[in-house]
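Counting along the sequence shown from 1, when you hit position 124 you're at 125 in the working numbering, and nothing is skipped either side.
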Amino acid sequence: MDILIIEDEPNAARQLQGMIAACRPLARFGPLIDSLRDAVSYLGDGHSPDLIFLDIHLADGHAFDLFERVDIPCPVIFTTAYDQYAVKAFEVNSLDYLLKPMLEERVRKALDKFDLHCSIRQPGKLDETYLGRLQSLLSAGNNNYRQSFLIPYRDKLLPVQVKDFAWFEIKQGVVSGTRLDGTFHLLEERSLDELTKLLDPRQFYRANRQFLINKAALKEVVHYFNGKLLVRLHPEPSDKVIISREKVTQFKSWVTA
2 MDILIIEDEP
12 NAARQLQGMI
22 AACRPLARFG
32 PLIDSLRDAV
42 SYLGDGHSPD
52 LIFLDIHLAD
62 GHAFDLFERV
72 DIPCPVIFTT
82 AYDQYAVKAF
92 EVNSLDYLLK
102 PMLEERVRKA
112 LDKFDLHCSI
122 RQPGKLDETY
132 LGRLQSLLSA
142 GNNNYRQSFL
152 IPYRDKLLPV
162 QVKDFAWFEI
172 KQGVVSGTRL
182 DGTFHLLEER
192 SLDELTKLLD
202 PRQFYRANRQ
212 FLINKAALKE
222 VVHYFNGKLL
232 VRLHPEPSDK
242 VIISREKVTQ
252 FKSWVTA
């Protein structure tokens with residue numbers, strides 16, 4: 002059985018591969034793919050895995066974007082760290098889903114479901130009805146991203162559009178945001194992880210543990226030490242925004258998407 006994992010978090014991808022290998026020791030794996038662009042290139046070149054594990058939200062696009070750009074030659078098991086509203090739809094319409102953080106027993110059940118699927122019918126592309134439902138689901142998900150914040154100002158709460166923020170950061174456990182015009186605000190969110198899940202991943206990128214950046218604020222990207230990248234924003238944060246070597250490919254895919 003040839004398996005392809007499309008996942009933009011390297012640790013999650015390796016963990017998933019390890020669990021699959023434990024459940025199916027004879028499984029063969031294609032390259033670990035971390036972006037929509039690379040997935041389109043790989044599948045477009047004629048590679049035909051027997052099964053794909055596909056993260057719903059990639060740094061440079063959504064899972065459905067892959068179906069629009071290239072034929073998917075096999076069943077798909079979706080992985081997601083997002084809201085339960087998605088889970089029920091996948092439960093009905095897809096081969097299976099895995100909710101992060103994943104457990105080995107849950108991976109085993111998904112693989113058993115794939116084996117049953119293959120014993121009943123030949124593996125093939127997902128049907129058009131399912132793809133239509135998936136598109137509707139992801140479109141609905143897009144509308145659920147945070148659109149604005151209520152910012153305390155004196156004795157008032159002022160609405161500020163999310164798109165007006167250049168970047169968000171966390172320092173000493175406090176989350177703040179700086180707008181494109183340089184205005185600074187403290188936010189109520191307790192962590193940058195929490196905030197990241199609320200914002201559209203096509204527009205906002207988790208550069209590192211400290212920064213979540215808006216694509217609209219990008220000024221330039223500079224090669225840094227040891228294969229890292231230095232991201233310059235406007236306005237410029239007081240601390241450097243560094244992209245680790247492991248995330249360079251993912252970051253470039255997000256910028257060019």
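Where a beta carbon is used, it is the ideal one built from N, C-alpha and C, also for glycine.
Note that the structure is a prediction, hence the values are computed from the model and not measured.
The Cβ-Cβ distance between Arg70 and Val41 falls below 7 Å. Within a 10 Å sphere around the beta-carbon of Thr81 sit 16 or more other beta-carbons, which makes this residue buried. In the structure shown, Gln211 falls within a coil segment according to DSSP collapsed to helix, strand and coil. Distance check between Pro160 and each of Gly183, Leu188 and Phe68 places Leu188 closest, using alpha-carbon atoms only.
Note: His186 is bridge-paired with Gly178 in the DSSP secondary-structure output. Here Ser149 carries a strand assignment [DSSP, helix/strand/coil]. Exclusion of the five residues before and after Lys157 leaves no residue of its chain whose Cβ lies closer than 8 Å to its Cβ.
Nearest in C-alpha terms to Ile7, of all of Leu67, Asp46, Arg15 and Leu55, is Leu55. One thing to note: Ala218 has its Cβ within 7 Å of the Cβ of Leu234. Annotated three-state conformation of Ile21 is helix, per DSSP. Partner residues in the beta bridge of Thr80, as assigned by DSSP, are Asp56 and Leu99. DSSP, reduced to helix, strand and coil, places Leu33 outside both helices and strands of the structure shown, so it counts as coil. The residues Glu105, Val108, Arg109 and Leu112, in chain order, have a CB closer than 8 Å to that of Cys24 in the same chain once the five nearest residues on each side in sequence are set aside. From the listed residues Pro26, Ser36 and Leu52, the smallest Cα separation to His63 is found for Ser36. Following the DSSP letters along the chain, one finds Gln162 inside the beta strand (DSSP E) bounded by residues Lys157 to Gln162. Here Val71 carries a coil assignment [DSSP, helix/strand/coil].
DSSP, reduced to helix, strand and coil, places Tyr225 outside both helices and strands of the structure shown, so it counts as coil. The continuous stretches of beta strand (DSSP E) do not include Glu247, and DSSP gives it neither H nor E. Just measuring C-alpha positions, the residue of Val222, Lys172 and Leu44 sitting nearest Asp240 is Lys172. An exposed status is given to Arg15, since fewer than 16 other beta-carbon atoms sit within 10 Å of its beta-carbon. Counted as a single uninterrupted DSSP element, the beta strand (DSSP E) harbouring Lys172 occupies residues Phe166 to Lys172.
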